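Engineer: Heads up: the sequence lines are chains A and B, in that order.
For the first sequence, this note's numbering gives the first residue as 1, with consecutive numbering after it.
For the second sequence, this note's numbering gives the first residue as 1001, with consecutive numbering after it.
Backbone N, C-alpha and C define an ideal beta-carbon position, used for all residues, glycine too.
On a predicted model such as this, the values are computed, not experimentally measured, just so you know.
There are 2 protein chains.
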Amino acid sequence: MQLRIPGPTPLPDEVLQAMKRQMINHRGPQFAEMFHEVTATLKEMFQTKGDLLILTGSGTGGMEASIVNTLSPGDKVLSLSNGAFGERFADIAEAFGAQVERLRFEWGRAVDPQAVRQALSHDTGIKAVLVTHNETSTGVTNDLASISAVVREFEKLLLVDAISSLGAIDLPVDAWGCDVVITGSQKAWMAPPGLAMVSVSERAWQAHAQARMPRCYWDFARAKRFLEKGQTPWTPALSTIYALAAALELLQREGLKNIVARHARVGAKAREGVKSLGLSLFPEDSYASNTVTAVRAPEGLDVKRLLKSLREEYNTILAGGQQRLEGKIFRIGHLGYVNEDDIEAVLEALRVALPQAGFNG
Amino acid sequence: MQLRIPGPTPLPDEVLQAMKRQMINHRGPQFAEMFHEVTATLKEMFQTKGDLLILTGSGTGGMEASIVNTLSPGDKVLSLSNGAFGERFADIAEAFGAQVERLRFEWGRAVDPQAVRQALSHDTGIKAVLVTHNETSTGVTNDLASISAVVREFEKLLLVDAISSLGAIDLPVDAWGCDVVITGSQKAWMAPPGLAMVSVSERAWQAHAQARMPRCYWDFARAKRFLEKGQTPWTPALSTIYALAAALELLQREGLKNIVARHARVGAKAREGVKSLGLSLFPEDSYASNTVTAVRAPEGLDVKRLLKSLREEYNTILAGGQQRLEGKIFRIGHLGYVNEDDIEAVLEALRVALPQAGFNG
């Protein structure tokens, strides 16, 4: 089975085996040791000396956490949005009472740092900027290095949804001055879903001290206080932490540089392969993501039929388009436990399935 | 290893094996089938024909969800509190802007339904009542049948923390007219932590339609809309759902009545055993819980030392007291995958460890 959606991703056997470990006391010394170790390794992968918190919930929970911990109702927020997940980030901020200005870019195009500069010059009341590093819905990786540089110029708080990038695409959290960065266990991390991992900068803590959005479950201060004794405020997803610990061991062995290089190779192979089948990418080429490839559905192709036949006849699971992109694109996930052979297998399946779904190249 | 804390609990081998199943597409037909089945079985165990939602998060997340989905800032709420978890429920409501009136009972004693009636007669502005069915911190099971009858009399919304009772202690959700009932996967359910399961009554949906507390991740309406197509709004803790599915199969085979009877036997055995060692219960006898036994630390007993020696020398993990009960009690968890032999083993370990920790009966 080739599960090639942008998360959950297939898990290495070592990780699956770790999942069947018996329960332990989440307030005991064994847990504390493991939790400290996982936290320390994640900090290396985040390239941060700031705080790193592990929350039980999905990535979207981490996004909600980043907002309610740093903002107050009425705060002005600039949302940089070029896809479904950018919109989601803005929606969450709005749900909690932020005054959200949405700087929107065409889906499939990247966020333009110059436009961000203009927006920030224009409106000095903005407190925080929300950005999606890798927009999973369109297969675009935004130029976070440039965006964060602009945000730093204006000394705004920068909240980054790096759910489908971190651990696969380079994101030096401290060097780029990102204040809260969120990822999810089921993405690059080769672990099952159920954990959100977030980094918190000193500036984010200062914002936290002023932030009046209501929160309890997601509260960073509680998480930090408990982390000091190797615990979590609420019972954590223990087995998923076992899995994450096992996966991090593999990732550390490979090394972050090699992991990033592998994703670059795999991404390039996916893009070239797709083009060689006569298809074209949905995003602009220069921002195409190394973790997910979005393919434009050509005239005549029935995406639903394609995905069904890939699944039922070729053991290959790809993702469709979300929201307004439903039926207009399909997506190949290639993050986490993936190498060139996996992409080759997907391309072979596509080669036979595409004509059956109405596309003849 | 005897892990006898009130959750996480030891897992049966069938459940551990289920955890190592490979990832699948959480938006595909296989997931939908499993998710519908798990939901249907949970509804039987909740004894409800209302809605049943599975949220990725810990039980406390489910508590937060119950509040933000049914209340508005400024709403008056009556909290019935006789322990740390009752206080937590009230704290969450307060964090989100509810006006909380705390009707407190001595820790170790049960909530008095008569006092609830008085409080509700006295203050007609109350919109909802928060209650802990089984107060894990003190080992008390409140008389929810009587409490819910009073709350129904006054037609208030009833939110029930049943995290450590449901699936082990009888709680007929519909018959007792409970509006939102919360439990957690790592308690009676013989699954790892990471999922909160909540029932939602028709009255709770009516409250939801008016409720203005901010929410996104925990929103019941989104969860219900996605459940209709066998999905969750955000990526769910997939492996934990595998485990829950496997555990529910075992639980269904045993049957709810037998499960409740087993917990009653095990609870009685724990209480008798503890007394036979010359110890006394912390809670009043008639409300002592069938899922957790809280034992008063007698004069001379060093609880910390006891727990350490049980852990290091006798492979037995018990829980200490929380907050103001630290050092004053210890607790034996007996819920989920547990039978009389497990209690026997704990009692044997206590018999030798107690004198070493300063208690000579």
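Anyone know if the C-beta pair for residue 1246 of chain B and residue 1034 of chain B falls short of 8 Å?
Structural biologist: no
Engineer: Here's the rule: buried if 16 or more other CB atoms are within 10 angstroms of the residue's CB, otherwise exposed. What is residue 280 of chain A?
Structural biologist: exposed
Engineer: Would you list the one or two residues that DSSP bridges to residue 1360 of chain B?
Structural biologist: None; residue 1360 of chain B has no bridge partner.
Engineer: Could you tell me whether any Cβ in chain B is nearer than 8 Å to the Cβ of residue 91 of chain A?
Structural biologist: Interface residue, yes.
Engineer: What ranges does the beta strand (DSSP E) occupy inside the stretch 1276-1335 of chain B, keeping only unbroken runs of at least 3 residues that lie completely in it?
Structural biologist: 1292-1296, 1329-1333
Engineer: Please list the residues of the stretch 37-49 of chain A that have a C-beta atom closer than 8 Å to any C-beta atom in chain B, keeping them in chain order.
Structural biologist: none
Engineer: In chain order, which continuous runs of the beta strand (DSSP E) of length 3 or greater are located wholly inside the stretch 173-203 of chain A?
Structural biologist: 180-184, 195-200
Engineer: Out of A:306, A:180, A:326, A:9, which has the shortest C-alpha to C-alpha gap to residue 50 of chain A?
Structural biologist: A:180
Engineer: Under 7 Å Cβ to Cβ from residue 1337 of chain B, same chain only, skipping five residues before and after it: list those, please.
Structural biologist: 1009, 1010, 1011, 1012, 1190
Engineer: Between which residues of its own chain and residue 1269 of chain B is the CB-CB distance below 7 Å, once the five residues before and five after are set aside?
Structural biologist: For residue 1269 of chain B, where only same-chain residues beyond five positions count, the Cβ hits under 7 Å are 1340, 1343.
Engineer: By the DSSP assignment, the alpha helix (DSSP H) with residue 56 of chain A in it spans what residues?
Structural biologist: Element bounds for residue 56 of chain A: not the alpha helix (DSSP H) but the beta strand (DSSP E), 51-56.
Engineer: Output the distance between the C-alpha atoms of residue 1287 of chain B and residue 1205 of chain B, rounded to the nearest integer angstrom.
Structural biologist: 32 Å
Engineer: Can you give the Cα-Cα distance for residue 1 of chain A and residue 306 of chain A, rounded to whole angstroms?
Structural biologist: 16 Å
Engineer: If I'm right that residue 364 of chain A touches residue 266 of chain A with Cβ under 8 Å, what's the distance once you round it to whole angstroms?
Structural biologist: What the structure shows of chain A is the stretch from 1 to 361, and residue 364 of chain A is not part of that stretch, so it cannot be assessed.
Engineer: Buried or exposed for residue 64 of chain A, going by 16 or more other Cβ atoms inside 10 Å?
Structural biologist: In summary, residue 64 of chain A is buried, with 16 or more beta-carbon neighbours lying within 10 Å of its beta-carbon over all protein chains present.
Engineer: Using CA atoms only, rank isn't needed, just tell me which of A:273, A:296, A:248 is closest to residue 40 of chain A.
Structural biologist: The shortest C-alpha separation from residue 40 of chain A is found at A:248.
Engineer: Of all the options A:66, A:21, A:86, A:140, which has the alpha carbon lying nearest to the alpha carbon of residue 292 of chain A?
Structural biologist: A:140
Engineer: If residue 187 of chain A and residue 3 of chain A are in contact, beta carbons under 8 Å, what's the gap, nearest whole angstrom?
Structural biologist: Not a contact, Cβ separation roughly 13 Å.
Engineer: Measuring straight from C-alpha to C-alpha, what distance separates residue 1006 of chain B and residue 152 of chain A?
Structural biologist: 47 Å
Engineer: Against chain A, which members of the stretch 1195-1211 of chain B pass a CB distance test of less than 8 Å?
Structural biologist: none
Engineer: Between residue 84 of chain A and residue 67 of chain A, how many whole angstroms is the CB-CB distance? I'm expecting something under 8 Å.
Structural biologist: 17 Å between Cβ atoms; not a contact.
Engineer: Locate the beta strand (DSSP E) running through residue 80 of chain A, then write down its first and last residues.
Structural biologist: 76-81
Engineer: Can you give the Cα-Cα distance for residue 1323 of chain B and residue 111 of chain A, rounded to whole angstroms?
Structural biologist: 49 Å
Engineer: Check each candidate in A:224, A:311, A:326 and name the one with the smallest Cα separation from residue 294 of chain A.
Structural biologist: Among A:224, A:311, A:326, the Cα nearest to that of residue 294 of chain A belongs to A:326.
Engineer: What do you get for residue 1161 of chain B, buried or exposed, if any count of 16 or more other CB atoms within 10 angstroms of its CB means buried?
Structural biologist: If you draw a 10 Å sphere on the C-beta of residue 1161 of chain B, you find 16 or more other C-beta atoms in it, and that means buried.
Engineer: Any beta carbon from chain A within less than 8 Å of residue 1234 of chain B's own beta carbon?
Structural biologist: For residue 1234 of chain B, at least one C-beta of chain A is nearer than 8 Å to its own C-beta.
Engineer: Just checking: is the beta-carbon of residue 133 of chain A within a distance shorter than 8 Å of some beta-carbon in chain B?
Structural biologist: Judged by the 8 Å Cβ criterion, residue 133 of chain A is not in contact with chain B.
Engineer: Ignoring anything shorter than 4 residues, give me the alpha helix (DSSP H) runs that lie fully in the stretch 1005-1036 of chain B, in order along the chain.
Structural biologist: 1013-1019
Engineer: Report the three-state DSSP secondary structure of residue 1342 of chain B (helix, strand or coil).
Structural biologist: helix
Engineer: Let's test the definition: count the other Cβ atoms within 10 Å of the Cβ of residue 70 of chain A and tell me whether it reaches 16, buried, or not, exposed.
Structural biologist: buried
Engineer: Closest Cβ-Cβ distance between residue 1216 of chain B and chain A: below 8 Å?
Structural biologist: yes
Engineer: Residue 96 of chain A CB to nearest chain B CB: under 8 Å?
Structural biologist: With respect to chain B, the C-beta atom of residue 96 of chain A has a partner C-beta closer than 8 Å.
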